[in-house]
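Chemist:
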Amino acid sequence: MRTGEKALCVSDTGRFFATSPNFLDRLCGENLTSEDWDLLADQGCAILDGDALGAVSHIYGVAERLTRAGALDYLILVPTLRCNLSCTYCQVSRAGLHQPGFDWSEETLGSVLQLLDSLATPRIKIEFQGGEPTLRPDLLRAVIDRCERFEDRQFVVCTNLHELSDEILELFDRADLYISTSLDGDAATHGRNRTGGDASTGQFLANLRFVIERYGPHKVSALPTIDAASPPDIDGLIDAYVEHGLESIFLRPINYQGFARKRYPGAREQSDAWRLYYERFVRRLIERNWQDRSRVLEESYFSICLRRIFQPGADRHVDLRNPNPMGVDYIVVDHDGTVFPTDEARMLSRSGVVDLSIGDVANGWAGEKRELLNRHATNQFDPACQRCAYQPYCGRDLVDDIARYGRIDFPKPETEFCRRHLHIFDFLFDLIYDEDPAVRYSLSRWLRLAGTPPALGEILG
Amino acid sequence: MIPLNLPAFAEAERPFVTRLRTQNHSPKPSDSLLVDADETGSSFAGKNGLFAVDGTSALQMEGDVVLVQPIGGGAARMERLLRAGSHHNTLLVTERCDQLCVMCSQPPKKTHVDRFDLFEEACLLAEPGTLIGISGGEPTLYKDRLCSMIERVLGAREDLEFHVLSNGQHFERDDIERLRNPVFRRVCWGIPLYGAEPALHDRIVAKDGAFARLEESFATLLLSGARIELRTVLLSINLSALPSLARHVTRRLRFIECWSIMQLENTGFARNRWSQLYVDHGTNFSPVAAALDCAALHGIPARLFNFPRCSVPEPYRAQAPASISDWKRKYMPPCSACREREQCCGFFEWHPDDEAIRAVTPL
């Protein structure tokens, strides 16, 4: 482990324990005593002779770690690529507000509706991306109306909240609709990155306040995009969220996509400075949660990774799962009807780096290209991942590798994806074995536990 | 308390299953129609002749699927097998058992009366979408009869489901193929485990080797893709072992669908051993809390059955549903002021009133 003398042992099922260097020596030297074996078996990390249940339970545990992608029930839709803002780091290279040819045509809308009719699942999740999707409330409404037949519906509108027309508010009033927006920090930071002016920043903040007052904070999520080269003051950023009643902050460094590739070339690799900032940010959340128990602040991605350590099957976050099948349970439909396996694949294609489209919404996407991607959409047989303690918790992101390095066979430890997750999991295990009650308190909340257990990880030997 | 067994008179000489109808909608051959009723009882007529029932008004039994069992000289007993609109219908398929649990609520008998054919008939008449409970004794002592009934009923009725209470002592490797039949996706096996220590479990069920045999069965059921509800009754002798059981479950029994931790029912053997066995979780909730936290940490859904909500600390209260069957549930007078009464299990009808009243603090 990163700190102290202990070593972390993780089995294929993701069960783990910390241990002394002595135990580790016996384990590696194949000198285990019979007491050691009993302890390992008790951890579910060894199967003793004749233990039929232990054997099948282990196999089940390995299987539990694998994503079971179901039928298509999650669509990311881009009804328009036009936008009324021009953020410095725009990841999709948005089109101008009045540029023609960047909205769904009648035919594309028809094909999307037909696709909805053809889905066999009882539930549907639709995320409207852009561009700025609220520029086309008519298209949003047409899609939402067509989903009435699903038992369970969830709509997310990813919007800059710049303009709030009555027509949009009528859609927002739906109980099954959620609003996702960007909030980069205090007004000055937000203005510098996104709106480019005090007046429009003021308008955005007024709109954000308005929707939160109207619907409550549960319906609104926001995430800050951080320029790692000059990150905002931590407490200032947290305060900007707390002020609006928002408790989850998804700290997102500038994505190496779209306009950002040219304007923020440093975003290709995250630096140690970023990782240090990230740790300071999480530690500050822990302190603040301990001081004020009336709410639980969290960094969303940190919580996702934490839950993946303890709770196999937490696979709904499609950016971190293994295998990570492409074009199966979710797809992206672009402004021209092109189908992409992920939103990042759309951005990459738009930047002209590589065409990762897998088809179009009228004619389908189950072709050779999707198969090719899916043959490599797992971390299980990668020589580096196989030797990594965090493999059961980690994921695979082909598109990210292609975006940064133009290939998928780059040695994993040299990829940004790997470095980022190694760091997060190292940091997480430091905290899991941290005896500070404030740390355990926050971790238990992020794990959604009712109480705070005396320890989250066991120590052997 | 809702009466399930009623004295009756019947023309028939053999037992039969029928559905009670108070109004002539569009009668099916399996229906018996109300012909007369007064304050003391009602009489019905169907293809098995006339029968009269005492004790409950006909309207309350509208739509019930009942078994009329002649006991000689015209006298009979009527069992309300599947009460219309109730979510708590259980068929007692045998009274024999090969365990003798210290707190058994339904103490076993030596003899077995095979009524599977009648039960099958009743199940086929069940209201759409019913979950039918099967209990005993130990139903899997008649594993082949039981499975055949399940296969035929679920094969004929795609809308039905079964929940079978079993001690898990009789599943064998040879059953795997049979249990992989997709109809068994609609069967959940409720199986008890009282501790992670073999000796503790064996002592509670009064059978040597029961724990080891159960582990074999769990392996078989996992390989069969069976759905399992794990059940643990809380006792003075296993309360402190609950956290270690939770750890055991999260390591070896991850494939269960849910884990039910159940407070003791004051009936059967538990009645005379109440002071030895019953443990008031209200005064020592920490082992229960530790077990719930451990299960939640590792993603195992756990629930508290028969735990009145006011006796459960607030953070864990959502895990205590209204679990006690409607026909044997009661509340104390102060409960009428409680805002969570609707979500609360209340008490078993036979729970000592003096203890219950002391336990209640309306929310």
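Line by line, the protein sequences give chains C and Z.
Numbered as in the working numbering, the first sequence ends at 461 without a single skipped number.
Numbered as in the working numbering, the second sequence ends at 363 without a single skipped number.
Backbone N, C-alpha and C fix where the C-beta goes; we use that ideal spot for every residue, glycine too.
Source: prediction; values computed, not measured.
Should Phe381 (chain C) go down as buried or exposed, given a rule of 16 or more other Cβ atoms within 10 Å for buried?
Modeler: It is exposed - the Cβ of Phe381 (chain C) has fewer than 16 other Cβ atoms within 10 Å.
Chemist: Would you check if the stretch 427-446 of chain C and the stretch 295-309 of chain C touch, i.e. whether three or more CB-CB distances between them fall below 8 Å?
Modeler: Short answer: they touch.
Chemist: Which same chain residues, not among the five before or five after Asp400 (chain C), have their C-beta less than 6 Å away from its C-beta?
Modeler: Counting only Cβ-Cβ distances below 6 Å, and skipping sequence neighbours, we find Phe417.
Chemist: Taking contact to mean at least 3 C-beta pairs separated by less than 8 Å, is the stretch 95-105 of chain Z in contact with the stretch 51-61 of chain Z?
Modeler: Judged by Cβ distances under 8 Å, the stretch 95-105 of chain Z makes no contact with the stretch 51-61 of chain Z, as fewer than three pairs qualify.
Chemist: Do three or more CB pairs link the stretch 341-359 of chain C to the stretch 111-126 of chain C at distances below 8 Å?
Modeler: Because the criterion of three Cβ pairs below 8 Å is not met, the stretch 341-359 of chain C and the stretch 111-126 of chain C do not touch.
Chemist: Within 8 Å (strictly less), CB to CB, does Gly14 (chain C) reach chain Z?
Modeler: Judged by the 8 Å Cβ criterion, Gly14 (chain C) is not in contact with chain Z.
Chemist: Under 7 Å Cβ to Cβ from His281 (chain Z), same chain only, skipping five residues before and after it: list those, please.
Modeler: These residues qualify, in order along the chain: Leu234, Gln263, Val288, Phe307 and Ser311.
Chemist: Specify, as a first and last residue, the run of the beta strand (DSSP E) that Cys87 (chain C) falls within.
Modeler: Careful: Cys87 (chain C) lies outside any beta strand (DSSP E) and carries neither H nor E.
Chemist: Taking 8 Å as the limit between beta carbons, can you name the residues of its chain near Gly44 (chain C), skipping five residues before and five after?
Modeler: The residues are Ser11, Thr13, Arg15, Gly54, Ser57, His58 and Gly61.
Chemist: For the stretch 219-234 of chain Z, enumerate the residues whose C-beta is nearer than 8 Å to any C-beta of chain C, in chain order.
Modeler: Going along the stretch 219-234 of chain Z in chain order, one finds Ala219, Leu222 and Leu223 with a Cβ nearer than 8 Å to chain C.
Chemist: Please determine, among C:Pro137, C:Leu139 and C:Glu148, the residue with the shortest C-alpha to C-alpha distance to Pro122 (chain C).
Modeler: Ranking C:Pro137, C:Leu139 and C:Glu148 by Cα distance to Pro122 (chain C) puts C:Glu148 first.
Chemist: Could you have a look at Cys147 (chain Z) and say whether DSSP puts it in helix, strand or coil?
Modeler: Helix at Cys147 (chain Z).
Chemist: Do Leu4 (chain Z) and Arg21 (chain Z) have their C-beta atoms within less than 8 Å of each other?
Modeler: Not closer than 8 Å, so no.
Chemist: Starting from Asn89 (chain Z), follow its DSSP beta bridges and name the residues at the other end.
Modeler: Partner(s): Z:Ile132.
Chemist: Going by CA-CA distance only, name the one from C:Asn322, C:Cys385 and C:Asp397 that's closest to Asp343 (chain C).
Modeler: Nearest option by C-alpha distance: C:Asp397.
Chemist: Which partner residues of Lys330 (chain Z) appear in the DSSP bridge assignment?
Modeler: In DSSP, Lys330 (chain Z) forms a bridge with Z:Phe347.
Chemist: Tell me, to the nearest whole angstrom, how far the beta carbon of Phe218 (chain Z) is from that of Leu245 (chain Z); I am working on the premise that it is less than 8 Å.
Modeler: Not a contact, Cβ separation roughly 14 Å.
Chemist: What residue range is occupied by the uninterrupted alpha helix (DSSP H) comprising Glu371 (chain C)?
Modeler: That run of the alpha helix (DSSP H) goes Glu368 to Asn374.
Chemist: Taking Cβ to Cβ, would you say Pro70 (chain Z) is nearer than 8 Å to Ala10 (chain Z)?
Modeler: Yes. Within cutoff.
Chemist: Run the CB neighbour count on Pro29 (chain Z), radius 10 Å, all protein chains shown included, and call it buried at 16 or more, exposed below.
Modeler: Result: exposed.
Chemist: Please classify Gly29 (chain C): does DSSP put it in a helix, a strand, or coil?
Modeler: The answer is coil: DSSP assigns Gly29 (chain C) none of H, G, I, E or B.
Chemist: CB Gly133 (chain Z) to CB Thr94 (chain Z), shorter than 8 Å?
Modeler: No; because the gap between Cβ atoms is not below 8 Å, this pair is not in contact.
Chemist: Can you tell me which of C:Gly406, C:Thr415, C:Arg370 and C:Gly367 puts its alpha carbon nearest to the alpha carbon of Cys385 (chain C)?
Modeler: It is C:Thr415 whose Cα lies nearest to the Cα of Cys385 (chain C).
Chemist: Check whether the stretch 317-325 of chain C touches the stretch 89-108 of chain C, taking contact to mean three or more Cβ pairs, one atom from each stretch, closer than 8 Å.
Modeler: Taking 8 Å as the limit for Cβ pairs, the verdict is that the stretch 89-108 of chain C does not touch the stretch 317-325 of chain C.
Chemist: Report the residue ranges of all beta strand (DSSP E) runs contained in full by the stretch 222-296 of chain Z; include only those spanning at least 3 residues, in chain order.
Modeler: Complete beta strand (DSSP E) runs here, min 3: 227-233 and 258-262.
Chemist: Could you please give the first and the last residue of the uninterrupted alpha helix (DSSP H) stretch that includes Trp37 (chain C)?
Modeler: Segment Ser34 to Asp42, the alpha helix (DSSP H) holding Trp37 (chain C).
Chemist: Along the chain, where does the beta strand (DSSP E) that runs through Phe16 (chain Z) open and close?
Modeler: Per DSSP, Phe16 (chain Z) belongs to the beta strand (DSSP E) from Phe16 to Arg21.
Chemist: Restricting to Cα atoms, I'd like to know which of Z:Lys110, Z:His87, Z:Thr90 and Z:His88 is closest to Asp98 (chain Z).
Modeler: The option with the nearest alpha carbon to Asp98 (chain Z) is Z:Lys110.
Chemist: Please check if any C-beta of chain C sits within less than 8 Å of the C-beta of Leu297 (chain Z).
Modeler: At least one chain C Cβ lies under 8 Å of Leu297 (chain Z).
Chemist: Tell me where the beta strand (DSSP E) around Met1 (chain C) begins and ends.
Modeler: Where Met1 (chain C) is concerned, there is no enclosing beta strand (DSSP E), given that its DSSP letter is neither H nor E.
Chemist: Just to confirm, is the Cβ distance from Ala222 (chain C) to Thr181 (chain C) under 8 Å?
Modeler: Against a cut-off of 8 Å, the Cβ pair of Thr181 (chain C) and Ala222 (chain C) comes out as a contact.
Chemist: Using 10 angstroms around the beta-carbon of Cys158 (chain C), count the other beta-carbons present and answer buried if the total reaches 16, otherwise exposed.
Modeler: The residue in question, Cys158 (chain C), is buried, as its Cβ has 16 or more Cβ neighbours within 10 Å.
Chemist: To the nearest angstrom, how far is the alpha carbon of Glu127 (chain Z) from that of Tyr331 (chain Z)?
Modeler: Rounded to the nearest angstrom, the two C-alpha atoms are 29 Å apart.
Chemist: Exposed or buried, what is Met61 (chain Z) when buried is set at 16 or more other beta-carbons lying within 10 Å of its beta-carbon?
Modeler: Met61 (chain Z) is buried by the Cβ-count criterion.
Chemist: Check each residue of the stretch 309-333 of chain C: if its Cβ is closer than 9 Å to any Cβ of chain Z, include it; give the result in chain order.
Modeler: Residues Phe310, Gln311, Pro312, Gly313 and Ala314.
Chemist: Find out if the Cβ-Cβ distance for the pair Val68 (chain Z), Arg80 (chain Z) is shorter than 8 Å.
Modeler: No; because the gap between Cβ atoms is not below 8 Å, this pair is not in contact.
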